[in-house]
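Structure first, then comments.
What follows is the structure, encoded as structure tokens:
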């Protein structure tokens, strides 16, 4: 019994021995060939991602302490949230600049981000600062798009676009404003308006980019290399059956 032949890895920086993002390097994500020259999972970028994930329960406890009414706990929650978002920026920059992109990081990094946003919005809704419908709309989109990414993963990787980055920016500032003990700051009404406008804009961009990701996913499933191979295989089988049946 002979071994099943493997599809060759297309040329790219990783295939040449330089650590890089295999998808940006042009490697077929559906290929069973796994390059051995990639970076180790145990690297500083992934450590920061895990650290951010571990911050989520700490952040949640600080936010919900004293029903969210204690300014000291709110400032602490804001600080932990800001630190977590800073590590998100740093680990991404490190992974790209030092060639530390790994499949583990690709999976865990967005999960850590969404876990933090989920804890923030659910917590703010529990203490009555954010309407529940806002939380539900944002979280359905966030986790729904994560499911869509896994749905199309064998056809390719859907990279984050400019709209996704704008969405993250607006969500970060909107949530950050709501985490602040605004009632203790000068001109609290101004801070309330900033929080509402930022998070409202984030909700709009979140919905629009979510629809765009779904459209991209459907297009990818139709036009990917894997989809083309499947269509060719089905056509070949149909032709073979027609030939066996004869005129």
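In this note's numbering, the protein residues as written are 317 to 563.
The beta-carbon is built from N, C-alpha and C at its ideal position, and this holds for glycine as well.
Going by DSSP, residue 498 is part of no alpha helix (DSSP H) at all; its letter is neither H nor E. Annotation: residue 513 to residue 490 spans about 8 Å, alpha carbon to alpha carbon. For residue 359, the three-state secondary structure derived from DSSP is coil.
Around the beta carbon of residue 360, fewer than 16 other beta carbons sit within 10 angstroms, so the residue counts as exposed. For residue 502, there is no enclosing alpha helix (DSSP H), as DSSP marks it with neither H nor E.
The alpha-carbon separation between residue 482 and residue 521 amounts to approximately 8 Å.
Contact between residue 390 and residue 432 is ruled out by a C-beta separation of about 16 Å, above the 8 Å threshold.
A straight-line Cα-Cα distance of about 13 Å links residue 423 and residue 408. Assigned with DSSP and collapsed to three states, residue 447 falls in coil, not helix or strand. By the neighbour-count criterion, in which a residue is buried when 16 or more other Cβ atoms sit within 10 angstroms of its Cβ, residue 382 is exposed.
Contact between residue 396 and residue 378 is confirmed by a C-beta separation of about 6 Å, below the 8 Å threshold.
Residue 466 counts as exposed, since fewer than 16 other beta carbons sit within 10 angstroms of its beta carbon.
The DSSP-derived three-state label of residue 469 is coil. Within the same chain, 486, 487 and 490 come within 6 Å of residue 518 by CB-CB distance, once the 5 residues on both sides are set aside. Here the region 410 to 423 makes no contact with the region 501 to 513; the two share fewer than three CB pairs at distances below 8 Å. Of the residues 560, 538, 530 and 499, the one whose Cα lies closest to the Cα of residue 463 is 530. For residue 410 and residue 461, the gap between their C-alpha atoms comes out near 25 Å. For residue 479 against residue 524, the beta-carbon gap comes to about 7 Å, under 8 Å, which counts as contact.
In summary, residue 551 is exposed, with fewer than 16 beta-carbon neighbours lying within 10 Å of its beta-carbon over all protein chains present. For residue 416, no alpha helix (DSSP H) segment is defined, and its DSSP state is neither H nor E.
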